[in-house]
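Residue numbers (this note's numbering): 12 to 257.
In structure tokens form, the structure reads like this:
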């Protein structure tokens with residue numbers, strides 16, 4: 012296999028010349044920010060971010076308080092998934108569709124070449140958090156999970172967070188755009204997405220709207236907040252994206 016053939020199999024990923032770590036780079040003015048795989052050494056940087064009220068109160072999933080013990084299994088699982096995707100890419104032609112994105116961690120590259128963990132932008136098969144639990148919902152999720160990678164009928168979702176020190180700069184809007192247009196559409200054949208944001212988080216709605224997502228409405232009191240985050244129920248904004256609408 013020639014160097015050009017090897018490169019095309021991983022396109023549009025770049026690789027660090029020293030570590031060989033794959034990455035995608037955000038466009039200017041955020042071109043000092045890259046998206047890489049998880050590293051097992053990330054745990055200590057994740058914990059303070061996910062214990063920041065400006066971050067954890069926008070998230071449904073991660074436990075709060077968040078500990079090193081929570082971070083380690085998440086990082087290990089993510090690294091294993093990334094390694095498997097990279098191995099799959101290496102073994103197949105560039106037209107082969109994969110079932111995920113091997114890079115998901117936002118890092119700010121410093122002048123000395125080091126980098127700082129900023130957050131995460133993850134692609135998952137949709138779980139329709141705003142839909143009430145029912146046999147129909149379970150069947151919908153099961154059918155979505157059963158579809159083969161590359162099937163345009165799969166509905167996907169984003170999960171993301173960013174260190175509050177970098178909120179309001181357009182970074183997450185740029186990151187969502189890079190993952191969607193550079194990776195999800197060409198390498199995963201993503202054609203449909205459904206995402207949600209807390210009713211109290213209009214900034215997240217704007218992030219997705221900037222990337223062509225359409226706000227479909229608000230579902231009131233549809234999810235339970237963790238007791239450690241105050242308990243009770245909250246509503247979700249529901250946004251959808253379709254390749255056909257681009």
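Note that beta-carbon positions come from the ideal geometry of N, C-alpha and C, so glycine has one too.
Treat the numbers as computed from the prediction; the structure is a model and nothing was measured.
Reference residue i; option with closest CA among the options
i	options	result
residue 210	245, 218 and 201	245
residue 38	232, 201, 147 and 184	184
residue 172	24, 26 and 59	59
residue 117	159, 28 and 177	177
residue 57	40, 75, 199 and 34	75
residue 199	68, 111, 26 and 95	111
residue 104	19, 251 and 224	19
residue 162	196, 190 and 186	196
Euclidean distance between Cα positions of residue i and residue j
i	j	result
residue 132	residue 182	11 Å
residue 249	residue 164	19 Å
residue 146	residue 136	18 Å
residue 51	residue 30	15 Å
residue 128	residue 47	10 Å
residue 22	residue 243	45 Å
residue 247	residue 206	9 Å
residue 84	residue 72	15 Å
residue 228	residue 216	11 Å
residue 139	residue 240	22 Å
residue 12	residue 35	With a pLDDT of 45 at residue 12, under the threshold of 50, the modelled position of that residue is not reliable, and the figure given next carries that caveat. Approximately 23 Å, taken between the alpha carbons.
residue 125	residue 251	37 Å
The alpha helix (DSSP H) enclosing residue i, as first and last residue numbers
i	result
residue 168	Per DSSP, residue 168 belongs to no alpha helix (DSSP H); it is in the beta strand (DSSP E), 166 to 173.
residue 198	196 to 199
Bounding residues of the beta strand (DSSP E) (the contiguous stretch that carries residue i)
i	result
residue 209	203 to 209
residue 249	244 to 253
residue 227	225 to 235
Cβ pair residue i, residue j closer than 8 Å
i	j	result
residue 86	residue 49	yes
residue 254	residue 202	yes
residue 155	residue 188	no
Alpha helix (DSSP H) runs contained entirely in the region 93 to 177, provided each spans 4 or more residues: Qualifying alpha helix (DSSP H) stretches, in chain order: 146 to 157.
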